[in-house]
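The opening residue of the sequence shown carries number 485 in our numbering; numbering runs sequentially from there. All C-beta atoms, glycine included, are put in the ideal place defined by N, C-alpha and C. Comments concern the structure below.
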Amino acid sequence: MKILIADDDALSRRLLKGTLQRAGYEVTAVTNGREAVEKLSEPDGPRLALLDWMMPELDGLGVCSRVRKGCDQNYVYMILLTARESKEDVVAGLESGADDYLVKPFNADELKARLRTGERILHLEDRLVEAREEMRFKATHDHLTSLWNRGVITDLLSRELDRSRRENVCTAVLLADLDHFKTINDTHGHLVGDQVMREVARRLLLSVRSYDFVGRYGGEEFLVVLNNCRPESALGRAEEIRKIISTRPVQTDAGALGITLSLGLLLSPDWGHRSADELLREVDAALYAAKTAGRNCVRTAKPAKSRVLAPGPQPVGERLR
Numbered sequence: 485m486k487i488l489i490a491d492d493d494a495l496s497r498r499l500l501k502g503t504l505q506r507a508g509y510e511v512t513a514v515t516n517g518r519e520a521v522e523k524l525s526e527p528d529g530p531r532l533a534l535l536d537w538m539m540p541e542l543d544g545l546g547v548c549s550r551v552r553k554g555c556d557q558n559y560v561y562m563i564l565l566t567a568r569e570s571k572e573d574v575v576a577g578l579e580s581g582a583d584d585y586l587v588k589p590f591n592a593d594e595l596k597a598r599l600r601t602g603e604r605i606l607h608l609e610d611r612l613v614e615a616r617e618e619m620r621f622k623a624t625h626d627h628l629t630s631l632w633n634r635g636v637i638t639d640l641l642s643r644e645l646d647r648s649r650r651e652n653v654c655t656a657v658l659l660a661d662l663d664h665f666k667t668i669n670d671t672h673g674h675l676v677g678d679q680v681m682r683e684v685a686r687r688l689l690l691s692v693r694s695y696d697f698v699g700r701y702g703g704e705e706f707l708v709v710l711n712n713c714r715p716e717s718a719l720g721r722a723e724e725i726r727k728i729i730s731t732r733p734v735q736t737d738a739g740a741l742g743i744t745l746s747l748g749l750l751l752s753p754d755w756g757h758r759s760a761d762e763l764l765r766e767v768d769a770a771l772y773a774a775k776t777a778g779r780n781c782v783r784t785a786k787p788a789k790s791r792v793l794a795p796g797p798q799p800v801g802e803r804l805r
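Pasting the structure below:
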């Protein structure tokens, strides 16, 4: 594990470095507080630190205070090394952000024991961060496909529509539905259906740019938001996505299965300042038109005067799949 020594006394630094290297640590040594803050603030910097109280440019208390203000970095366990023993000094050190302190001269075994305590705390902190990130991922992503879930993708769409209106650019909205997916589940079982869903999700992500959004809208439906999409290229991009799904079979435990996709397409400038929910209803109608047109195709939603679509979406039980 990486550890930082900050001490302006050359002999103390050398002795400490040797002790810690023999104990298996990867040691970085600096001579003043400013250098200590720089090293501890690096993305992959040490997470254990031994800081002399009295140093040039910035003392140990100043280092602790500045490191604690760096909210974006990993937690650093800091031990102050000092000849001061008064309770007032100890309190000042701990309140500056130090985790522990050792009074000079100190015993090497005690130092290593306190460092092991620091390592246990850092390990616990890492586990808590991992648990928090796992909970955040589960709250925002679909458990089967690992795409954005419905709540997040619709929120992202709403935000993107607001941005596109401010900047007078086009957002293309695609609602895609796997054709005859119920037949796959009924014929081959839900585990094979899950394999198909995961592969389609993977291909969808590969078919868009890093700043576009892809989410599972529900069942076998996917919502794709193409940001800053030129209106004249939107239909071509939708066709590319359709072909990426349909031109190569999906390999499953039941063998290679041919999969096709029907898509509804909507361009935000055509619809003024209508809400995300309203636009989703319109693109859903376009998807329904693609289904009634024979599936495996793209249909574009147009405002009422120029719309050439089948009637609006039917209840879920009557929708074509």
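Hey, quick one: how far does the beta strand (DSSP E) through Ala656 stretch, first residue to last? Ala656 to Leu662
Top-ranked residue by Cα proximity to Gln557, from Asn633, Asp761 and Glu609: Glu609
Pull up the DSSP beta-bridge partners for Gly702, would you. Glu705
Buried or exposed (CB count within 10 angstroms, at least 16 for buried), Thr731: Burial call: exposed.
Measuring alpha carbon to alpha carbon, tell me which residue in Lys486, Ala769 and Pro530 is nearest Asp661. For Asp661, the nearest C-alpha among the options comes from Ala769.
Which of the three DSSP states, helix, strand or coil, is assigned to Gly502? helix
Closer than 8 Å: is that where the CB of Val708 sits relative to any heavy atom of the ligand MG? As far as ligands go, the structure on display features none, and thus does not contain the ligand MG.
Tell me whether the beta-carbon of Leu545 lies closer than 9 Å to the beta-carbon of Leu488. Cβ atoms of Leu545 and Leu488: not closer than 9 Å.
Indicate whether Lys588 and Leu565 have their beta-carbon atoms separated by less than 9 Å. yes
Please classify Asp493 as buried or exposed, where buried requires at least 16 other C-beta atoms within 10 Å of its C-beta. exposed
What residues in its chain sit with their C-beta under 7 Å from that of Val753, if we drop five residues either side in the sequence? Before going on, a small fix: residue 753 reads as Pro here, not Val. Cys654 and Pro715.
Kindly indicate which residue of Val708, Gly756 and Asp536 has the alpha-carbon position closest to the one of Leu771. With distances taken between Cα atoms, Leu771 lies closest to Val708.
Between the C-alpha atoms of Asp584 and Val560, what's the straight-line distance to the nearest angstrom? 12 Å
Is there a Cβ from chain C that is less than 9 Å from the Cβ of Asp639? The chain inventory of the structure shown lacks chain C, comprising one protein chain alone.
Arg758 beta carbon less than 9 Å from that of Glu766: In this structure, Arg758 lies closer than 9 Å to Glu766 by Cβ.
From Ala520 to Val547, what does the alpha carbon distance come to, in whole angstroms? 7 Å
Where Tyr509 sits in the DSSP three-state scheme: coil
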